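Below: one structure, written as structure tokens.
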Amino acid sequence: MRTYLIDDEGKEIIVDLTRSKVHDYNLVEFDYQTLEDNKQTNKETMWVKKVSGQYFVSNDQKNWAKIPRQDLPSRMINVNTTYSIFRGFKPSGLAGADEGELLTKMPGKIVKIIAEVGQEVKKGETLIILEAMKMENEIKSGLDGVVKAIHVSEGDALEQNVLMMEVEAK
Numbered sequence: 110m111r112t113y114l115i116d117d118e119g120k121e122i123i124v125d126l127t128r129s130k131v132h133d134y135n136l137v138e139f140d141y142q143t144l145e146d147n148k149q150t151n152k153e154t155m156w157v158k159k160v161s162g163q164y165f166v167s168n169d170q171k172n173w174a175k176i177p178r179q180d181l182p183s184r185m186i187n188v189n190t191t192y193s194i195f196r197g198f199k200p201s202g203l204a205g206a207d208e209g210e211l212l213t214k215m216p217g218k219i220v221k222i223i224a225e226v227g228q229e230v231k232k233g234e235t236l237i238i239l240e241a242m243k244m245e246n247e248i249k250s251g252l253d254g255v256v257k258a259i260h261v262s263e264g265d266a267l268e269q270n271v272l273m274m275e276v277e278a279k
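Residue numbers (the working numbering): 110 to 279.
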């Protein structure tokens, strides 16, 4: 999943989860990279393990730090800069979202992804089926184009305003 850190002046840092591997039900490995100005600035692997209901994180599997229970923050302070944090999407006011960015309008669960990356689609064509409020909703393309990226998987539970898919105009 992509996370955007955007400061008050509009400068952004992108953090991408590039791979996750479940070793067993108590140990998960995550690879991520940080991008600034479309250039990779950091690449790292982290491990998260669960022991007796507590979570611990490590970047070397030797030294482990307990992860405190907390809600996911929406703002972060780093030295003299305050960042707003957006998980899985970049708000349209900051990103220039268009009809080609399919965002969830309400919380829901991805039931089926019909389109594939690289597929040509027509305006009004169903691309994703999202279950919300116990109803299946067809998410349709807002333009004729090609599917550029899919940011979700079947079974994902999503909050409101999450970027699910990008369609590039032809």
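Backbone N, C-alpha and C define an ideal beta-carbon position, used for all residues, glycine too. Predicted, not measured: the structure shown is a model, and the values here were computed from it.
Ranking I223, D146 and D140 by CA distance to the CA of D169 puts D140 first. For K148, the three-state secondary structure derived from DSSP is strand.
A Cβ-Cβ contact shorter than 8 Å links V255 with E277.
In the three-state DSSP reduction, W173 falls in the coil class, being neither helix nor strand.
Beyond the five residues adjoining it in sequence on each side, K231 comes within less than 8 Å, by CB distance, of S250 and D253 in the same chain, given in chain order. Taking 8 Å as the upper bound for CB-CB distance, E210 and E275 are in contact here, some 6 Å apart. Taking a contact as a CB-CB distance under 8 Å, the pair L239 and G217 counts as one, their CB atoms being some 4 Å apart. Assigned with DSSP and collapsed to three states, V157 falls in strand. Residue environment for V271: buried (at least 16 other C-beta atoms within 10 angstroms of its C-beta). About 19 Å separates the beta carbon of T154 from that of I122, a gap too long to meet the 8 Å contact definition.
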